[in-house]
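A quick write-up on the structure given underneath.
Numbering (full-length UniProt numbering), first residue to last: 1 to 330.
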């Protein structure tokens, strides 16, 4: 079997790949108790990677050319998730052949062994207790009710596409990637969204008797709850996990509701809501902002450059241009 990948997920990544000639640099400071990586076929440039780090998460996109096998045992405080994108012939995890559109979760005492050639995959490391807490929040149960174990999760087509695009977008954004594990590159809000997205697709597996129960409310009623919550609390510090909790829906269902009614994802909706609020603040005649930086910070943007880039992409002008135009009419 050969996994297939949408070519768009590779756009913008060429300059960010890091060569790993020693085969262990890419995971040097991951929470791993044991690791052995072996190149089983001749070839140069056997492994390269792209790395993004959060305070309690790691995302690594790994590409190999010749046949490479890896044995890894993760720290019991962490969960490892492997998301295969493409490969040649077969991609084996613990001797089982991988399939596209699946997540492979490993947390047991025996670790996992991977073997593949021409592989392109994403490995995600998450704090066990934070993932459990996020799952419990999405499902409305106690953390003691959540049981994590090794699992294989098949993603619905729409969720698979969104999941892939979301991860590849993070890894193709220079501000979010790094060459050093000690450097935190993912903003806290982005990391929270990562936990919520993964918890949403895992929830039916870790607490199967609740599968489907969270989707009983109508789409419009769920969105009205979300809208009212944003009206009361603003959108600066909200994550998709907050929206799941308010709507009382697991992530996959919330995504379906947003796509059905609004034609966008929850994450994109929150980002757009922040940018729309920023435009309102910049154009406010009664209480004009002191600076663009104040507006950016009030909406959760820690980097003004990133805020300006997203604002321009949305409104086809920089926030400074909007503010200058507003000042001319005041």
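Note that beta-carbon positions come from the ideal geometry of N, C-alpha and C, so glycine has one too.
This one's a predicted model, so the numbers in the text were calculated from it and none came from an experiment.
- Would you call the stretch 286 to 298 and the stretch 316 to 325 in contact, with 3 or more CB pairs under 8 Å? Remark: three or more beta-carbon pairs, one from each stretch, lie closer than 8 Å, so the stretch 286 to 298 and the stretch 316 to 325 are flagged as touching.
- Query: How big is the Cα-Cα spacing for residue 88 and residue 97?
  - Reply: 12 Å
- Quick one, are the C-beta atoms of residue 68 and residue 47 less than 8 Å apart? yes
- Message: For residue 213, count the other beta carbons within 10 Å of its own beta carbon; 16 or more makes it buried, fewer makes it exposed. Which is it?
- Response: A caution first: residue 213 carries a pLDDT of 43, below 50, which makes its placement in the model unreliable, though a value can still be read off. Residue 213 is exposed by the Cβ-count criterion.
- Item | Cβ shell of residue 277 (< 7 Å), same chain only, five flanking positions each side left out | 235 and 299
- Message: Does residue 198 come out as helix, strand or coil in the three-state DSSP assignment?
- Response: Helix.
- Message: Taking only three categories from DSSP, how would you classify residue 93?
- Response: strand
- Is residue 39 helix, strand or coil when you go by DSSP? Strand, per DSSP.
- Note down the Cα distance separating residue 186 from residue 54, rounded to an integer number of angstroms. 5 Å
- Task: Figure out for me which residue from 132, 260 and 238 has the closest Cα to the Cα of residue 201.
- Result: Cα-wise, what sits closest to residue 201 is 132.
- Message: Need the endpoints of the beta strand (DSSP E) that residue 118 sits in, please.
- Response: 112 to 127
- With DSSP as the reference, label residue 56 as helix, strand or coil. coil
- Query: Sorted by chain position, which residues of the same chain lie with C-beta nearer than 8 Å to residue 274's C-beta, five sequence neighbours on each side aside?
  - Reply: 235, 236, 299, 300 and 301
- Item | C-alpha distance - residue 192 paired with residue 271, whole-angstrom precision | 14 Å
- Task: Per DSSP, which residues does residue 103 bridge with? Please list them.
- Result: 153
- Using a threshold of 8 Å, state whether the C-beta atoms of residue 222 and residue 257 are closer than that. yes
- Flag this pair as touching only if the stretch 146 to 164 and the stretch 107 to 123 have three or more C-beta atom pairs under 8 Å; answer yes or no. yes
- Task: Go through the UniProt domain "HTH araC/xylS-type" (224 to 325) residue by residue and report every complete run of the alpha helix (DSSP H) that reaches 4 residues or more, in order.
- Result: 240 to 247, 251 to 261, 266 to 282, 292 to 298 and 304 to 315
- Can you check whether the CB of residue 251 is closer than 8 Å to the CB of residue 331? Only positions 1 to 330 of the chain appear in this structure, which leaves residue 331 out of reach.
- Message: So, with DSSP's three-state summary, where would you put residue 221?
- Response: helix
- What distance in whole Å lies between the Cβ atoms of residue 81 and residue 49, which are believed to be in contact at a cut-off of 8 Å? The Cβ separation is near 16 Å, so there is no contact.
- Query: Is the beta carbon of residue 102 less than 8 Å from the beta carbon of residue 153?
  - Reply: yes
- Write down the C-beta distance between residue 172 and residue 197 rounded to the nearest angstrom, noting that I regard them as a contact closer than 8 Å. With a Cβ gap of about 17 Å, residue 172 and residue 197 do not count as contacting.
- Message: Quick check on DSSP: helix, strand or coil for residue 173?
- Response: coil
- Query: How would you label residue 17, buried or exposed, when you count the other beta carbons within 10 angstroms and need 16 or more for buried?
  - Reply: exposed
- Task: Identify whether residue 67 lies in helix, strand or coil by the three-state DSSP scheme.
- Result: In the three-state scheme derived from DSSP, where H, G and I count as helix and E and B as strand, residue 67 is classed as coil.
- Message: Taking the alpha carbon of residue 72 as the reference point, which residue from 254, 33, 156 and 136 has its own alpha carbon closest?
- Response: 33
- Return the Cβ separation of residue 140 and residue 31 in integer angstroms, given the expectation that the two are a contact with Cβ distance under 8 Å. That pair is no contact at about 29 Å.
- Query: So is residue 284 buried or exposed if we call it buried at 16+ other beta carbons inside 10 Å?
  - Reply: exposed
- Message: Short of 8 Å in beta carbon distance, which residues of its chain neighbour residue 264, apart from the five on each side in sequence? Order them along the chain.
- Response: Around residue 264, the same chain offers 258 and 272 as residues with beta carbons nearer than 8 Å, after the five sequence neighbours per side are excluded.
- Item | In DSSP terms, what residue 48 is bridged to | 19 and 63
- Contact belief for residue 119 with residue 64 at Cβ below 8 Å, rounded distance in angstroms: 5 Å
- Message: Suppose the cutoff is 8 Å on Cβ atoms and the five residues either side in sequence are ignored; what does the same chain contact list for residue 269 look like?
- Response: Only 258 and 262 meet the Cβ criterion.
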